[in-house]
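In my numbering, the protein residues as written are 29 to 160.
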Ligand code: CO
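In structure tokens form, the structure reads like this:
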């Protein structure tokens, strides 16, 4: 398995960019609005993986409520798959609870789907099929 990205939900994106690109020295590789997830996302290069900062576009959304008053909080880990429909079907038949029965659109046109944290020991897991 390959980790595609690790996502952190933040409260103040510019302050988080100051920390990650300024103080810590990460390089920004993309910044885009992901309408399907209701977030602005910034990707930071992290050795073949990406650290993704997520700013909720709506402070009443579930992701904003998950973060609460924290400055930032680990939101999900994402694993790369070749065929997301096949992997969702395999996991569903193995009894894994799915948040997304069908893929939705992630950053830069990737196809993504979330598994329910009740089936993944409390950490939200995303499957990610990179755009060909
Ligand atoms: Co993600």
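Glycine is no exception: its CB is placed at the ideal position from the N, C-alpha and C atoms. All values derive from a computational prediction rather than experimental measurement.
Exercise for review: Check whether the Cβ atoms of residue 37 and residue 90 lie closer than 8 Å to each other.
Suggested key: Not closer than 8 Å, so no.
Review point. Which residues bound the alpha helix (DSSP H) around residue 39?
Key: First-last for residue 39: undefined, no H or E at that position.
Review point. Would you call residue 32 buried or exposed, if buried means 16 or more other Cβ atoms sit within 10 Å of its Cβ?
Key: Flag for residue 32 reads buried.
Practice item. Report yes or no: do three or more beta-carbon pairs, one from the region 47 to 66 and one from the region 108 to 121, lie closer than 8 Å? Key: Touching, no.
Check your understanding: Which whole-angstrom value describes the C-beta separation of residue 156 and residue 109, a residue pair presumed to lie in contact below a C-beta threshold of 8 Å?
Key -> Going by Cβ atoms, the distance from residue 156 to residue 109 rounds to 7 Å, so yes, they are a contact pair.
Review point. Residue range of the beta strand (DSSP E) that residue 157 falls in?
Key: For residue 157, the uninterrupted beta strand (DSSP E) segment begins and ends at 153 to 157.
Check your understanding: Out of 66, 63, 73 and 80, which has the shortest C-alpha to C-alpha gap to residue 105?
Key -> Closest by C-alpha distance to residue 105, out of 66, 63, 73 and 80, is 80.
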